[in-house]
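Just so you know, my numbering puts 229 at position 194 of the sequence shown, and the rest follows in order with no gaps.
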Amino acid sequence: MSHHFKEEPHNAITDSGIARVIPCKELDIGDPLKWLSLGLRDLFRAPLLTVFFGIIFAAIPWFITYLVTLTGWHLVILPAMVCFMLIGPFLAAGLYDVSWELEKGHKPSLWHSVKAIKRNAVNEWGFGIMLMVLMIFWLRVASMIHALYPSYLSDSLEELMPFLALGTVVGAIFTTIVFFLSAFTQPILMERKVDLGTAVLTSVNAVWLNKGPMFIWAAIIFTAVVFGFLTGFIGFIFLMPLIGYGTWHAYIDTIETKRERQYE
């Protein structure tokens, strides 16, 4: 599948002057399926690491749900689901490392994956804090929406509908913003010695200039998350690593390098 190199267009993102923006390639509409198939290949090439990371991914939402059951506040499920999607990119660093090692022709190891987070430590943690701030902000917004919901209404779907609709719209806007901010940020920070501002703006720019393919990719991720929840999180054991590996290949395909990558 051919990628078209194009002159980097000037837009509000590239002209902002906040940080440098690394150029991106123009993607084809079918690229997300290619990333998925490459991710699947990595999944079969590193089955033990896949299951290890997958179990962690499944354990987190299970724990959130367990807390919900303890507190009996079922309305926390939607905010928790979005929180999980927020923490995802940060946890995925280990998975990106597995794909990266396979690409270099190395044998991936757990220790190497765990060390991946330390490669650009200050900016990696900065990214984690940024996601955490967004997560706390989302929880505040969600609790405000919940506060608007009158306590005298019953829990019937009909009466919950306006509340759920508002929560869904706000959640969708929020998730879209986070997708722009974090689609490629983590892999950029892992592979390149750049600051957080450059990584985030590069990610926003790449998603903006490739809205079609990236919308399909976002829909694939969202479907995987929904399917994971519907299977009682069992699906996450395989789906989250698959999305993680796919994201690494998406990054390799999308963000330009000045020189061809040379792997020894």
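Glycine included, every Cβ here is placed at the ideal spot set by N, Cα and C. Small disclaimer: the values here were computed from a predicted structure and weren't measured.
When C-alpha distances from alanine 93 are compared across Ile212, Phe268 and Leu62, the shortest belongs to Phe268. Take arginine 80, set aside five residues on each side of it, and the residues of its chain with a beta-carbon closer than 6 Å to its own are Leu137, in chain order. Threonine 282 sits buried, since 16 or more C-beta atoms from the chains shown fall within 10 Å of its C-beta.
If you draw a straight line from the Cα of alanine 151 to the Cα of glycine 161, it is about 15 Å long. By the neighbour-count criterion, in which 16 or more other beta carbons inside 10 Å mark a residue as buried, glycine 206 falls on the buried side. Per the C-alpha coordinates, the member of Leu201, Val86, Ile164 and Gly129 positioned closest to alanine 182 is Leu201. Here isoleucine 290 is bridged, per DSSP, to Cys59. Membership of aspartate 230 in any alpha helix (DSSP H) is not indicated, and neither H nor E is assigned to it by DSSP.
Spanning the alpha carbons of glycine 279 and leucine 130 requires a straight line of approximately 6 Å. Non-local C-beta neighbours of phenylalanine 215 in its own chain, meaning closer than 6 Å and more than five positions away in sequence, comprise Val239 and Val242, ordered along the chain. The three-state reading of DSSP puts asparagine 155 in coil, since its state is none of H, G, I, E or B.
Tyrosine 101 carries a helical assignment under DSSP once its states are collapsed to helix, strand and coil.
With respect to the C-alpha of phenylalanine 273, the residue from Met249, Leu71 and Val229 having the closest C-alpha is Leu71. Between proline 248 and isoleucine 64, the gap from beta carbon to beta carbon is short of 7 Å. The alpha-carbon separation between lysine 69 and arginine 154 amounts to approximately 28 Å. Per the C-alpha coordinates, the member of Thr104, Leu169, Thr210 and Thr85 positioned closest to valine 260 is Thr210.
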